[in-house]
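Protein chains in written order, with this note's numbering: chain A, 1310 to 1533; chain B, 202 to 435; chain C, 2 to 254.
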Amino acid sequence: MIKTAFLLAKKDLYSELKTKQVLTTMIIFAGLVILVFSFAFDPANNTTKAVIPGVIWVIVVFSGILGLNRSFLSEQRNDTMQGLLIAPMDASSIYLGKFLANFTMMLVVELVSIPFLFLLFDFKIIGSIPYFILIMFIGSFGFISIGTFLAALAANSKSSEMLLPLLLFPVTSPILIGVVQATRIILTNMEKFSSALAWIQLVSAYDVIFFVLCFLLIEYVLEV
Amino acid sequence: MIEIKKLTKQADNKLILRGIDLSIEKGETVAILGPNGAGKSTLLKVLATLIKPSSGLVKINGLDLKKNHLEIKKLFGYLPHSSLLYDHYSPLENLVFFGKLYGVTNAEERAIELVKEVGLSFFLNEPVKNFSRGMIQRIAIARSIVHEPELLLLDEPHTGLDQGAISILNNVILSMKAKGTTTLMVTHDFKQAAEICDRIIIIKNGKLVDDFKLEDRALNLVSEKYQLQVEGVS
Amino acid sequence: MSMNLEREKATLPLSESADAKSPILPKILLGITIVLILTAIYLTFMYADIEKTMGVVQKIFYFHVGSAATAFTAFFVTFIFSILYLVKRKRIFDTYASVSAEIGLIFTTLVLTTGPIWAKSAWNTWWVWEPRLTTTLILWFIYMAYMMIRQMDGVWDKKARLCAVFGIIGFTDVPIVFFAIRWWQTKFHPIVFGNGVSQKGGGIADNMLVALIVSIFALLSLYTYLLNRGVEFENMKIKVDQYKEKLREDLEN
Ligand SMILES: Nc1ncnc2c1ncn2[C@@H]1O[C@H](COP(=O)(O)OP(=O)(O)OP(=O)(O)O)[C@@H](O)[C@H]1O
Ligand SMILES: [Mg+2]
């Protein structure tokens, strides 16, 4: 199953490497979000630093949803989804493959856009970078795992691009609350570290619960 | 090979298949004829595990469609209306991907061999999106047989093919038949049906209305029976 | 031809069993609901004390909490029937899940409208990011999304399947949402139950508690009645559709 999932993820990523459509769009979009934020909050003002943790996750959420939308819609052309469904593998392999591909792309976007954000807003990290990376990782993991699942669900609809955010945002709200709080503490106020740790635990618990749940339920979503 | 009992399919309140009983032996080549909207593609999709039947029993090679779907998926090759190919990929990449998905051991060699067989070796590394309809259909055929299936489910495989490709396709089917492959082919092309099939099934309005053996490529017999069942007085 | 019809009958099982049940049940439910609601109104306005700081506006509390409890119950029922549907694949389970979600959504809307009224008089602001209220808001969004899935085009069993999956995901999310928001913001809501019977500590007087419990039961029985009626109505619609299709086919042949 893992092998098949890697094969599927490789297929998606290789195709992305050829066209570079989705990744470019996501990164440019992330840049635009940063730009819009610089208009909304004066970068020269010192209080702006307080919104940076929030901006990071706005970037992740909005550029992430672009990628998630594509991930199952791209299989509709020539009905390639049928090709995957008749292949001898479980639905969970398809889910895992798509998840791996989306997660990789998400990490690439974060890797490019977040340093860029820090640079533009002249943000100096006073907290711990390893913990920051950990939070980015578990936050993106949860967001993409449930996002991939709901993208598969929404793909059944004609207007799935509009449906996906409506499904995804309320369901992921605990992750978003958790990671924004944790990011704020880690980046600006290490004194409350224990509280950040508690948030990290909450988000990790969410990740585990929903990853397992998605794994079990994806069979019903991809059923024909 | 295939055992269908009282198969029905209902979409909302509309009955698409209304009680089909059919049994097909290993090695048979069966053509499924019938007017548009009769339910031919639906029947094929049920066999390809793409549609869940509403009621009835389907067994392929003694395996129940509901329970052993993984084993059954390895058995058949399915060629629907659409190509199931990735546009940005070349024929080689497409076939290697699907070969690996089916666990074909030497996927690369097998892919090259297949592309040669359908006469497109010259376009081995061109992306599929630039291909013409007939060329795509050729690759789609190659895709459906990449894992050397025991059962072929073809939905109007002759559409868009030129004369050369038709004879290639027929040769593929016949040579696989020699190896014991069973073929189910939905078609509107009586000539090709008479050419390669040894049994004809006519479906009308979700029901099996005729089922007969065919000898000596008797094209007249096929048209005659079809006229009687579909256009004649019912 | 006759063979034919028989087969059709076999494949179109009109769900008789569902509404062949005693027609007395809805009447009994209606009776209980009316009695309970009247009692609840009496208890709320006549029996229970008027709260010291807020005055009469506090009466909305009984309705507010009752609606919230009912909405939560409704979504729980949707959750249970979603699981049942995925396991058994009977249409009736899907109907229950969907009707229950719809009623739950109505009650959630009521909570969200009464909440601000409460907030305005208690904290002098229309909206507070208070855990329970915010959770209700997110619940409202989740079940609106559930309704959007229902609006999808396609055959009913596909919609039923996807809705069931989302019903499970959505409900699993609720406790986590609540927990997260509670951590995030814990400034406002009075801890109504718990230590301290003294009115000032935010505790609740005995007569208030009685009014509250009766209110909750009144709304729950209203919910049961609505659920029963809604399911009956849906079944009727399904049946009409089936007859229509059958008629069309008979005309065709
Ligand atoms: N998803 C669906 N929902 C509702 N009805 C459907 C669905 N798919 C197919 N049908 C109906 O089922 C009937 C049979 O369709 P099918 O595609 O099997 O016909 P066919 O015999 O393959 O026709 P053709 O010769 O045109 O390919 C049609 O009347 C069609 O309207
Ligand atoms: Mg067809």
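Backbone N, C-alpha and C define an ideal beta-carbon position, used for all residues, glycine too.
Nothing here was measured: the structure is a model prediction, and the numbers come from that model.
- Arginine 1379/A counts as buried, since no fewer than 16 other beta carbons sit within 10 angstroms of its beta carbon.
- Counting only heavy atoms of ligand 1, the residues whose C-beta sits closer than 6 Å to one of them are, along the chain, Ala212/B, Lys215/B, Ile217/B, Gly235/B, Asn237/B, Gly238/B, Ala239/B, Gly240/B, Lys241/B, Ser242/B, Thr243/B and Val156/C.
- In terms of beta-carbon proximity, valine 129/C stays away from the interface with chain A, with every pair separated by 8 Å or more.
- Taken atom to atom, the span from the alpha-carbon of arginine 230/C to that of serine 101/C is near 11 Å.
- For alanine 1507/A, DSSP records no beta bridge to any residue.
- Per DSSP, methionine 1310/A is not a residue of any alpha helix (DSSP H), being assigned neither H nor E.
- With a 10 Å radius around the Cβ and a threshold of 16 neighbouring Cβ atoms, phenylalanine 73/C comes out buried.
- Taking the Cβ of aspartate 390/B as the reference point, every heavy atom of ligand 2 lies at 7 Å or farther away.
- Under the 8 Å Cβ criterion, the segment 334-341 of chain B does not count as touching the segment 1416-1434 of chain A, having fewer than three qualifying pairs.
- When the Cα atoms are used, glutamine 393/B and glycine 320/B turn out to be separated by approximately 20 Å.
- Taking a C-beta distance under 8 Å as the contact criterion, threonine 209/B and glycine 257/B qualify as a contact pair.
- By the neighbour-count definition (other C-beta atoms within 10 Å, threshold 16), tryptophan 130/C is an exposed residue.
- Per DSSP, reduced to three states, the secondary structure at aspartate 1388/A is helical.
- In the three-state reduction of the DSSP assignment, valine 231/B falls in the strand class.
- Counting only runs that start and end inside the segment 327-392 of chain B, the beta strand (DSSP E) elements of at least 3 residues fall at 352-356 and 383-387.
- Residues of the segment 246-270 of chain B that bring their beta carbon within less than 8 Å of a beta carbon in chain C comprise Ser255 and Ser256, in sequence order.
- Sequence-ordered contacts of the segment 154-165 of chain C with chain A read Asp154, Gly155, Lys159, Arg162, Leu163 and Ala165 [C-beta pairs closer than 8 Å].
- In terms of Cβ geometry, tyrosine 43/C and valine 232/C do not form a close pair [threshold 8 Å].
- CA-to-CA, the gap between leucine 271/B and asparagine 295/B works out to about 22 Å.
- Against chain C, the CB of tyrosine 1440/A has no partner CB under 8 Å away; the residue lies outside that interface.
- For aspartate 288/B, the chain A residues whose C-beta falls within less than 8 Å of its own C-beta are Arg1386 and Asn1387, listed in chain order.
- The straight-line gap separating the alpha-carbon atoms of asparagine 372/B and proline 1479/A is approximately 56 Å.
- Shown in chain order are the members of the segment 76-91 of chain C whose Cβ falls below 7 Å from a Cβ of chain A: Leu87.
- The beta-carbon of aspartate 242/C is placed less than 8 Å from the nearest beta-carbon of chain B.
- Within the same chain, Cβ atoms closer than 8 Å to the Cβ of valine 215/C are found at Leu37, Thr40, Ala41 and Leu44, the five residues on either side in sequence being excluded.
- In the three-state reduction of the DSSP assignment, glutamate 131/C falls in the coil class.
- Between the segment 1504-1522 of chain A and the segment 1476-1495 of chain A there are three or more inter-stretch CB-CB distances shorter than 8 Å, so the stretches are counted as touching.
- In the structure shown, glutamate 416/B falls within a coil segment according to DSSP collapsed to helix, strand and coil.
- Of the heavy atoms belonging to ligand 2, none sits nearer than 7 Å to the Cβ of valine 231/B.
- Between the segment 1331-1346 of chain A and the segment 1358-1374 of chain A there are three or more C-beta pairs closer than 8 Å, enough to call the two in contact.
- One finds Glu246 in chain C with Cβ atoms closer than 8 Å to the Cβ of lysine 215/B, taken in chain order.
- With respect to the 8 Å criterion, arginine 400/B and leucine 415/B are classified as neighbours on the basis of their beta carbons.
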